[in-house]
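Data block below; observations after.
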Amino acid sequence: MLNKSLRDEEKVKIDNMLTTLISLIFIPKFRNVEDTSLIDNQLIKLKLSTTILKEISEEDLITLLSGYGLDWEDKERFADFLVDYTKENPFDFKGKALSIYQHIQSESKAFSFGIFNKIAGVKLKV
Numbered sequence: 049m050l051n052k053s054l055r056d057e058e059k060v061k062i063d064n065m066l067t068t069l070i071s072l073i074f075i076p077k078f079r080n081v082e083d084t085s086l087i088d089n090q091l092i093k094l095k096l097s098t099t100i101l102k103e104i105s106e107e108d109l110i111t112l113l114s115g116y117g118l119d120w121e122d123k124e125r126f127a128d129f130l131v132d133y134t135k136e137n138p139f140d141f142k143g144k145a146l147s148i149y150q151h152i153q154s155e156s157k158a159f160s161f162g163i164f165n166k167i168a169g170v171k172l173k174v
């Protein structure tokens, strides 16, 4: 019972962090590289930063996300964040998002038209 409680608590923390990340990218001030500190403050909870995101390989990023217990939905939300963050910033994380979407589609053992459409959408932009 204690383990379930700890997992639920961790899931709430991850959900809150992802919600904050996604909401922050819609603030216009993040168009400058110098204004990424609020994003980095959220990413640090996963031991990431925009600098690390630029340098980490797709495989290592997926391994890191899995190591923090992100489920398929959390990984999808993180990939959504990467795609949206790329739109307004000089960072290009579409390749990493594409890898995460493909990982979800192949490893979750359930076909998702939503993920399929996101993969197609990112491929058009790459």
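Under this note's numbering, the first residue of the sequence shown is numbered 49, with each subsequent residue one higher. No residue lacks a Cβ here, since even glycine has one placed at the ideal position from N, Cα and C. Since the structure is predicted, the reported quantities are computational estimates derived from the model, not experimental observations.
For Leu50, three-class secondary structure by DSSP: In the sequence shown, counting from the first residue as 1, residue 50 sits at position 2. For Leu50, the predicted structure reports a pLDDT of 48, less than 50, and the residue's modelled location is therefore unreliable. The matter cannot be settled from this model.
Inter-residue spacing [alpha-carbon to alpha-carbon] between Ile163 and Lys95: Indexing the sequence shown from 1 puts residue 163 at position 115. Indexing the sequence shown from 1 puts residue 95 at position 47. The alpha-carbon separation between Ile163 and Lys95 amounts to approximately 26 Å.
Supposed close pair Ile87, Asp128 - CB separation, criterion 8 Å: As a first step, residue 87 must be located in the sequence shown, where it is residue number 39. As a first step, residue 128 must be located in the sequence shown, where it is residue number 80. Going by Cβ atoms, the distance from Ile87 to Asp128 rounds to 14 Å, so no, they are not a contact pair.
As assigned by DSSP and simplified to three states, the class of Gly117: As a first step, residue 117 must be located in the sequence shown, where it is residue number 69. Looking at Gly117 - three-state DSSP - the assignment turns out to be coil, as it is neither helix nor strand.
Ala85 - containing alpha helix (DSSP H), residue span: To locate residue 85, count along the sequence shown from 1; it is residue 37. According to the sequence as given, residue 85 is Ser; it is not Ala. Per DSSP, Ser85 belongs to the alpha helix (DSSP H) from Ser85 to Leu91.
Distance, Lys102 Cα to Asp108 Cα: In the sequence shown, counting from the first residue as 1, residue 108 sits at position 60. In the sequence shown, counting from the first residue as 1, residue 102 sits at position 54. A straight-line Cα-Cα distance of about 12 Å links Asp108 and Lys102.
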